[in-house]
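Asks: Structure incoming, see below.
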Amino acid sequence: MTSIEHNLQRVQLRISAAAAQCGRDLKEITLLAVSKTKPASAIEEAMAAGQRCFGENYVQEGVDKIHLLANPALTWHFIGPLQSNKSRLVAEYFDWCHTVDRFRIASRLNDQRPAGLAALNVLIQVNISDEQSKAGIMLADLPALAQQIAEMPRLKLRGLMAIPAPESDYARQLAVCQQMAQAFKQLQQDYPGVDTLSLGMSDDMAAAIAAGSTMVRIGTAIFGARDYGQAAANHNN
């Protein structure tokens with residue numbers, strides 16, 4: 086068994102335990118393996134262990150891996166900050182974009198999504214902890230942007246994403262995650278196609294699952310520590 090396969094099994098056991106603790110069906114929760122800065126060979130190891138959903142933060146790095154692996158069984162999620170000049174690559178190559186937080190980006194993705202592909206699945210990023218340094222919209226602005234996206238034919242509004250501020254106390258983690266879950270439930274009432282709450286990473290995964298997350302984003306616990314020096318060139322991508 087490879088270390089990545091072993092790590093995946095451990096993460097899946099953690100997800101299973103968190104789901105059991107709050108009485109949720111494990112099938113409701115998708116594991117998104119965050120493969121940023123990792124080589125395609127590491128993704129191939131995860132694939133061999135049954136992983137199919139991968140998240141990338143840097144556009145060009147992600148596109149290079151999509152080309153290199155060229156496997157239609159994989160689902161590629163863009164989960165990093167998206168600059169307008171990189172939107173075309175996301176629209177053309179990725180299956181999902183988690184970080185839509187303004188009309189201009191949504192409009193560009195819609196216009197640039199090739200007609201031969203299925204609509205791009207999009208999540209609206211919410212700045213749930215109101216952090217100056219974080220991307221995402223305020224909850225008050227969510228209804229207007231959701232309506233705009235829902236009217237775009239080449240995009241499919243699937244739900245919400247958030248990166249809460251780091252918090253070590255479980256009760257405080259849960260309180261923030263429940264805020265997101267409430268916004269998610271409201272969005273589902275307005276848009277029946279909404280089914281995805283991308284919330285929870287290694288340190289707050291249990292709280293996110295307890296609150297109702299349907300997708301957790303896990304990287305280091307699967308692939309090991311990242312070498313950001315090696316990937317520095319991708320930070321502008």
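Heads up, the sequence shown is in our numbering, so the first residue is 86 and it goes up one at a time. Just so it is clear, CB atoms sit at the ideal spot from N, CA and C, and this is done for glycine as well.
For glycine 285, is the classification buried or exposed, using 16 other Cβ atoms within 10 angstroms of its Cβ as the cut-off for buried?
Replies: Residue 285 sits at position 200 when you count from the first residue of the sequence shown. Buried is the call here.
Asks: Pairing CB atoms from the segment 273–289 with CB atoms from the segment 240–248, are three or more of them under 8 angstroms?
Replies: As far as the Cβ criterion goes, the segment 273–289 touches the segment 240–248, which means the pair count is three or higher.
Asks: Going by DSSP in three states, leucine 116 sits in which element: helix, strand or coil?
Replies: Numbered from 1 along the sequence shown, position 31 holds the residue referred to as residue 116. In the structure shown, leucine 116 sits in a strand (DSSP, three-state: E or B).
Asks: Judging by CA-CA distance, which residue of Gln273, Glu177, Ser287 is the nearest neighbour of glutamine 251?
Replies: Taking the sequence shown and counting its residues from 1, the one referred to as residue 251 is at position 166. Residue identity check: residue 251 is proline in the sequence provided, not glutamine. Comparing Cα-Cα distances from proline 251 to each of Gln273, Glu177, Ser287, the minimum goes to Ser287.
Asks: Measuring only the C-alpha atoms, how far is asparagine 206 from glutamine 106?
Replies: Start at 1 with the first residue of the sequence shown, and residue 206 comes out as number 121. Start at 1 with the first residue of the sequence shown, and residue 106 comes out as number 21. About 30 angstroms.
Asks: Could you name the residues of the same chain whose beta carbon sits closer than 6 angstroms to that of lysine 123, not counting the 5 residues immediately before and after it, in chain order?
Replies: Your numbering for residue 123 matches position 38 in the sequence shown. Here the set comprises Phe308.
Asks: Go ahead and label alanine 291 buried or exposed: buried means 16 or more other beta carbons lie within 10 angstroms of its beta carbon, across all protein chains shown.
Replies: If you number the sequence shown from 1, residue 291 lands on position 206. Counting Cβ neighbours within 10 Å, alanine 291 comes out buried, since at least 16 surround it.
Asks: Do glutamine 197 and serine 172 have their C-beta atoms within less than 9 angstroms of each other?
Replies: Taking the sequence shown and counting its residues from 1, one reaches residue 197 at position 112. Taking the sequence shown and counting its residues from 1, one reaches residue 172 at position 87. Yes, they are a contact pair.
Asks: Go ahead and pull the three-state DSSP assignment for cysteine 107.
Replies: Looking up residue 107 in the sequence shown gives position 22. Three-state result, cysteine 107: coil.
Asks: So which of Leu159, Phe188, Arg189 has the shortest CA-CA distance to tryptophan 181?
Replies: The count along the sequence shown starts at 1 and reaches residue 181 at position 96. Nearest C-alpha to tryptophan 181: Leu159.
Asks: How many Å lie between alanine 176 and alanine 220 at the Cα?
Replies: Position 91 of the sequence shown holds residue 176. Position 135 of the sequence shown holds residue 220. Each residue's Cα considered, the two are about 19 angstroms apart.
Asks: Put glutamate 177 into one of helix, strand or coil per three-state DSSP.
Replies: Translated into the one-based positions of the sequence shown, residue 177 becomes position 92. DSSP places glutamate 177 in helix when its eight states are reduced to three.
Asks: Using CA coordinates, which residue listed in Arg187, Ala231, Leu240 is at the minimum distance from alanine 204?
Replies: For the purposes of this step, residue 204 is taken as residue 119 along the sequence shown, with counting starting at 1. Checked all of Arg187, Ala231, Leu240; the closest Cα to alanine 204 is Leu240.
Asks: Quick one: is alanine 296 buried, meaning 16 or more other Cβ sit within 10 Å of its Cβ, or exposed?
Replies: Position 211 of the sequence shown, counted from the start, is the residue given in the question as residue 296. Buried, because 16 or more other Cβ atoms sit within 10 Å of the Cβ of alanine 296.
Asks: Please report the Cβ distance between arginine 302 and leucine 117, rounded to the nearest whole angstrom; I am assuming they are in contact, meaning their Cβ atoms lie under 8 angstroms.
Replies: As a first step, residue 302 is located in the sequence shown; it is residue number 217 there, counting from the start. As a first step, residue 117 is located in the sequence shown; it is residue number 32 there, counting from the start. Sure, about 5 angstroms apart at Cβ, within 8 angstroms.
Asks: Taking isoleucine 209 as part of the beta strand (DSSP E), name the residues at either end of that continuous run.
Replies: Stepping through the sequence shown from its first residue, residue 209 is reached at position 124. Note, isoleucine 209: beta strand (DSSP E), 205–211.
Asks: Serine 120: which of Leu111, Ala131, Pro157 sits nearest, CA to CA?
Replies: As a first step, residue 120 must be located in the sequence shown, where it is residue number 35. The shortest C-alpha separation from serine 120 is found at Ala131.
Asks: At what residue ranges does the segment 256–283 contain a whole run of the beta strand (DSSP E), taking only runs of 3 or more?
Replies: Listed in chain order, they are 281–283.
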